[in-house]
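Protein chains in written order, with this note's numbering: chain H, 1 to 280; chain C, 1 to 319; chain X, 1 to 329; chain R, 1 to 59.
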């Protein structure tokens, strides 16, 4: 009998870092307990995992660390429910359970040889960070063309991964554009909503793929801008979020049409989503 | 055939209301898909009014469909529905002038569980009403039973067969029934705590937590029910008998002074659990303590929403 | 082989010695599948149980594992079981559920372990109920597939037919006398006379469901539904479940409970957004899952026509009428 | 109502104490504690044989 898919892998919390000014989002770093545990957890950017806080419950979160960063897993979690609140109050050194890797991942094979446009909004930047680090790894970088990243949030305090963003903006092989909704003092970057910034940047759609992650309203207004730049439905890739419990396509709750977001997704192309009813 | 006359009177009333555009929708009963079953139906066009019917199996409480409606609705309401409507109006869940009540005096509805018991599990194929008896036909069995024996326990003690509020009354009033002495509740109270615990455990071990009792109850309309709450977990979601009892106890506490004892919970429970054993205890307490009966007149405030100086407090610890 | 009706409790006692035996037990005006300690507790008077026998393999509340701190201890049940007196439609529902609990990537050890250790001794339906429509859903009163043994009621005795190898091996240990021709003929006659009166046509159903997601018919279908879980919890093919923890500080257990798509909490997001806001979306999901999504994924309708949801619905919302309304729209 | 569903008498007590009556509050707490101690540990709503494991699963 195969490994029990409901049993989480024990991991230790080594870093509980407050990511945003309003303290609503923390980034957690979990360390594998043994080499063989790590081998049993091969994952790719875009996948998610169920974090189990013993005594509270389980919840699905996108994996923020990239497979190119061995030894640990990173998750950025907003304080919303029972599990996330328990995580936020957790001291370093506590044991948790992680179940996964779950779901499919960004089509890195199909992205090879293409320009990549990454558009992230609010705190849905976790799996995008994983993808960016995966692509920026020296032996992967050559596979991809120009990388443009548009990352927006309501105010500077809400932008995640500050130090990494500084590093990316210094690099020449990635074009990072950070924007905030309304001007804030001490902010020198762009100001404006993501759809308007996307219009300004107007990435060329020729031989390129766009990956969009963020709140539904942002996706709703950014998509026409991309279509205006010539992006066809199968050139736009999205990651959906739904209420999940089992994460392995059995408990029947995360379906959109006949697809289970946890097993057939969470990454879908706009073309696939167009066949499904818009019930998400 | 009293019921047939009522049915056609209801159809005409509904047809007239819809034709005169007085209401956009009539909520009533139509023939069910099984013998001796009728099912709630929503009539919007005058010509559909012919679907409406009335017989001794219109047991659902239609007040459930009237909460928070913006459109003008007419409802075919029997005694218990009318009481629930009054209770909901007192709690501002129904706008009285958007509601047209077609009152129908009711002498009692038939309990499917009792019909199953009479037929010992055979499936009912056909039923025929003869005066005050019912001829039940199943495969190889035909029996005639007095309707009174098959009636819901609620209806046996119901003193408000005639709707307490109506815009139009159909059919003549039914004779009032004697005062309800809550004999069943008193009997249960006389048992020792251990016997009570054992009896409740046996009854609620059958509960499958489908929440039909909660969803069928017109007074249960919280946006997030305490059972669904995860912070804190008031009641576990698994079907442990103690959790089932605590769920029902919690529900009963929330219906204090609001429950009109219409029996919709008992009728909806697929496992045939005697839920009214608990709810009626609360109804008895509220009646004894505050002399208050739910949904009896429109200008009453809910029992727990007001207090009087002379309210009794027998439960306080006397030092 | 043949077994006399009055010898059945004896046979059950023999089984109880070796297996955990589940059989319908009389409970007031209906029967439920329960584990029996003596043969005579079993009661076959009712055509079918109130809640389905799927509870034997997929209990309503099941402890997945218990833990104290990070020490976890699995609770996988692998005792040998016999489900006695199971109807052909319920047996078929277990076949349908196998698709779910063993998909291309994952296997659910709790269900599959029990599934492999459970023998299904079926009982044919001599007189199906007016609410049964199993023949329209790929099953039948005497349908054998999914069963290990099939008993047919022929008056004072049951004709015992072994269906699977495991069934043959089980019945061999019971030492029953062989069946005579007259008994076999009686069984065949019983088979002819068992006639399912209700037909539900489903040929146009899938095509209709493929295109009618935004059809206004869904507004009228759900209108009288109260949104309780009675139909889903009495349905043998409903497999949706919820996973919650029950614990005091950090010792406790992870429990799997049945869940229902008719409850709003089923799809409520942490952010408060709920893709299925009202009863209309939820009723549409229930019909779509059983008669379209399940067909898309596993090429079978997730319904065996047992009629429990028709009998148990508090407002008599009949799935047969829903299906004909959809195909008629 | 609590006693009705099987909680033993004396376990559930209500009292009305104003914020000023500190002394009375102390006495009341002492009194209720003694009363409950005499009753012994609470066996729960369901007869003990079934409330063994932490959740409702019968397995």
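Positions of the beta carbon are idealized from the N, C-alpha and C atoms, including for glycine.
None of these values were measured; they are calculated from a predicted model.
Residue 90 of chain X to residue 306 of chain X span [Cα, whole Å]: Numbered from 1 along the third chain, position 90 holds the residue referred to as residue 90 of chain X. Numbered from 1 along the third chain, position 306 holds the residue referred to as residue 306 of chain X. Residue 90 of chain X and residue 306 of chain X have their C-alpha atoms some 8 Å from each other.
Could you say if the region 73-90 of chain H and the region 122-138 of chain H meet the contact criterion of at least three C-beta pairs nearer than 8 Å? Yes, since at least three Cβ pairs between the region 73-90 of chain H and the region 122-138 of chain H fall closer than 8 Å, the two stretches touch.
List the residues of chain C that residue 129 of chain X touches, going by C-beta distances under 7 Å, in chain order. Within the third chain, residue 129 of chain X is the residue found at index 129, counting from 1. Chain C residues near residue 129 of chain X: 123.
Output the distance between the C-alpha atoms of residue 290 of chain C and residue 310 of chain C, rounded to the nearest integer angstrom. As a first step, residue 290 of chain C must be located in the second chain, where it is residue number 290. As a first step, residue 310 of chain C must be located in the second chain, where it is residue number 310. Just so you know, the alpha carbons of residue 290 of chain C and residue 310 of chain C end up roughly 10 Å apart.
Name, going along the chain, the residues of the region 3-31 of chain X whose beta-carbon falls closer than 7 Å to a beta-carbon of chain H. Within the region 3-31 of chain X, not one residue has a Cβ closer than 7 Å to any Cβ of chain H.
Should residue 182 of chain C go down as buried or exposed, given a rule of 16 or more other Cβ atoms within 10 Å for buried? Position 182 of the second chain, counted from the first residue, corresponds to residue 182 of chain C. Sixteen is the threshold: when 16 or more other Cβ atoms of the shown chains lie within 10 Å of the Cβ of residue 182 of chain C, as they do, the residue is buried.
CB-CB under 8 Å to residue 53 of chain R, same chain, minus the five flanking residues each way: which ones, in chain order? Here residue 53 of chain R corresponds to residue number 53 of the fourth chain, with the count starting at 1. Note that residue 53 of chain R has pLDDT 46, beneath the 50 cutoff, so the model's placement of it is unreliable and the number below is only indicative. Here residue 53 of chain R has no same chain residue with a Cβ atom under 8 Å from its own Cβ, once five neighbours each way along the sequence are excluded.
For residue 211 of chain C, the three-state DSSP class (helix, strand or coil): Reading the second chain from its first residue, position 211 is the one you call residue 211 of chain C. Reduced to three states, the DSSP call for residue 211 of chain C is coil.
Within its chain, find whatever has a CB closer than 8 Å to the CB of residue 255 of chain C; leave out the 5 residues flanking it on each side and keep chain order. Taking the second chain and counting its residues from 1, one reaches residue 255 of chain C at position 255. Same-chain partners within the cutoff: 217, 219, 220, 279 and 282.
Delimiting residues of the beta strand (DSSP E) encompassing residue 251 of chain X: The residue labelled residue 251 of chain X in the question sits at position 251 within the third chain. First-last of the beta strand (DSSP E) with residue 251 of chain X: 251-258.
Compare the C-alpha of residue 262 of chain C against each of C/94, C/36 and C/155 and name the closest. Along the second chain, read from residue 1 onward, the residue named residue 262 of chain C stands at position 262. Closest option to residue 262 of chain C, judged by alpha-carbon separation, among C/94, C/36 and C/155: C/155.
Nearest chain C C-beta to residue 89 of chain X closer than 8 Å, yes or no? Along the third chain, read from residue 1 onward, the residue named residue 89 of chain X stands at position 89. Residue 89 of chain X does not count as touching chain C.
Name the two residues that bound the continuous beta strand (DSSP E) containing residue 118 of chain X. As a position in the third chain, residue 118 of chain X is number 118, starting the count at 1. First-last of the beta strand (DSSP E) with residue 118 of chain X: 118-123.
On the DSSP letters alone, give me the boundaries of the alpha helix (DSSP H) that residue 248 of chain C sits inside. To locate residue 248 of chain C, count along the second chain from 1; it is residue 248. Residues 241-254.
Going along the chain, which residues of its own chain have a beta-carbon closer than 7 Å to the beta-carbon of residue 174 of chain X, five neighbours each way excluded? In the third chain, the residue the question calls residue 174 of chain X occupies position 174. Only 11 and 14 meet the Cβ criterion.
Residues of chain C with CB closer than 8 Å to the CB of residue 46 of chain R, please, in chain order. The count along the fourth chain starts at 1 and reaches residue 46 of chain R at position 46. For residue 46 of chain R, the residues of chain C that pass the 8 Å Cβ criterion are 197, 201, 240, 241, 242 and 245, in the order they occur in the chain.
Based on the DSSP secondary-structure assignment, which residues constitute the bridge partners of residue 71 of chain X? By one-based count along the third chain, residue 71 of chain X stands at place 71. Residue 71 of chain X is bridged to X/68.
Classify residue 31 of chain R as helix, strand or coil using the three-state DSSP reduction. Here residue 31 of chain R is taken as the residue at index 31 of the fourth chain, counted from 1. Note: residue 31 of chain R maps to helix in three-state DSSP.
Contact under 8 Å by Cβ, residue 310 of chain X with residue 131 of chain X: Here the question's residue 310 of chain X lines up with position 310 in the third chain. Here the question's residue 131 of chain X lines up with position 131 in the third chain. Yes.
Determine the burial state of residue 167 of chain X: buried for a count of at least 16 other Cβ atoms within 10 Å of its Cβ, exposed for fewer. The count along the third chain starts at 1 and reaches residue 167 of chain X at position 167. Under this definition residue 167 of chain X is a buried residue.
Using a beta-carbon distance below 8 Å, is residue 54 of chain H in contact with chain X? Start at 1 with the first residue of the first chain, and residue 54 of chain H comes out as number 54. At least one chain X Cβ lies under 8 Å of residue 54 of chain H.
Could you have a look at residue 122 of chain C and say whether DSSP puts it in helix, strand or coil? Along the second chain, read from residue 1 onward, the residue named residue 122 of chain C stands at position 122. If DSSP states are grouped into helix, strand and coil, residue 122 of chain C belongs with coil.
Looking at C-alpha atoms only, which residue of H/109, H/151 and H/158 is the closest neighbour of residue 141 of chain H? Indexing the first chain from 1 puts residue 141 of chain H at position 141. For residue 141 of chain H, the nearest C-alpha among the options comes from H/109.
Through-space distance from residue 80 of chain X to residue 49 of chain R, alpha-carbon basis: As a first step, residue 49 of chain R is located in the fourth chain; it is residue number 49 there, counting from the start. As a first step, residue 80 of chain X is located in the third chain; it is residue number 80 there, counting from the start. Since pLDDT at residue 49 of chain R reaches only 46, below the 50 mark, its modelled position is unreliable, and the value read off the structure follows with that caveat. Near 25 Å, if we compare the C-alpha coordinates of residue 80 of chain X and residue 49 of chain R.
Let me make sure I understand the geometry here. Which of X/38, X/240, X/17 and X/65 has the alpha-carbon closest to that of residue 251 of chain X? For this step, residue 251 of chain X is matched to residue 251 along the third chain. The residue with the shortest Cα to Cα distance from residue 251 of chain X is X/65.
Where residue 101 of chain C and residue 64 of chain C are concerned, what is the direct C-alpha to C-alpha distance, given to the nearest angstrom? Counted from its first residue, the second chain places residue 101 of chain C at position 101. Counted from its first residue, the second chain places residue 64 of chain C at position 64. About 14 Å.
Runs of beta strand (DSSP E) wholly within the region 7-46 of chain X (minimum 3 residues, chain order): DSSP assignment within the region 7-46 of chain X yields the following whole beta strand (DSSP E) runs of 3 residues or more, N-terminal first: 20-27 and 30-35.
Give the single residue among C/269, C/162 and C/248 whose Cα lies nearest to the Cα of residue 107 of chain C. Your numbering for residue 107 of chain C matches position 107 in the second chain. Distances from the CA of residue 107 of chain C to each of C/269, C/162 and C/248 were compared; the closest alpha carbon is that of C/162.
Using 8 Å as the limit for Cβ to Cβ distance, is residue 319 of chain C near chain X? The residue labelled residue 319 of chain C in the question sits at position 319 within the second chain. The predicted model places residue 319 of chain C with a pLDDT of 49, which falls under 50 and marks its position as unreliable, so this point remains unresolved.
Compute the distance between the beta-carbons of residue 42 of chain X and residue 24 of chain X, then report whether it is under 8 Å. On the third chain, position 42 is the one that residue 42 of chain X refers to. On the third chain, position 24 is the one that residue 24 of chain X refers to. Yes, they are a contact pair.
Please report the distance separating the alpha-carbon of residue 70 of chain X from that of residue 53 of chain H. As a first step, residue 70 of chain X must be located in the third chain, where it is residue number 70. As a first step, residue 53 of chain H must be located in the first chain, where it is residue number 53. Rounded to the nearest whole angstrom, the CA to CA distance from residue 70 of chain X to residue 53 of chain H is 9 Å.
Please work out which residues of its chain come closer than 7 Å, Cβ to Cβ, to residue 145 of chain C, disregarding the five sequence neighbours upstream and downstream, and give them in chain order. Here residue 145 of chain C refers to the residue found at position 145 when the second chain is read from its first residue. Same-chain partners within the cutoff: 118, 133, 134 and 136.
Does residue 185 of chain C come out as helix, strand or coil in the three-state DSSP assignment? Counting from one through the second chain, the residue named residue 185 of chain C turns up at place 185. In the structure shown, residue 185 of chain C sits in a helix (DSSP, three-state: H, G or I).
When the Cα atoms are used, what is the spatial distance from residue 56 of chain X to residue 34 of chain C? For the purposes of this step, residue 56 of chain X is taken as residue 56 along the third chain, with counting starting at 1. For the purposes of this step, residue 34 of chain C is taken as residue 34 along the second chain, with counting starting at 1. In a straight line, the C-alpha of residue 56 of chain X is about 30 Å away from that of residue 34 of chain C.
Write down every uninterrupted run of the alpha helix (DSSP H) in the region 266-307 of chain C whose length is 4 residues or greater and which is fully enclosed by it, in chain order. Listed in chain order, the complete alpha helix (DSSP H) runs (minimum 4 residues) inside the region 266-307 of chain C are 276-290.
With 16 other Cβ atoms within 10 Å as the buried cut-off, status of residue 139 of chain H: Position 139 of the first chain, counted from the first residue, corresponds to residue 139 of chain H. By the 10 Å Cβ count, residue 139 of chain H comes out exposed.
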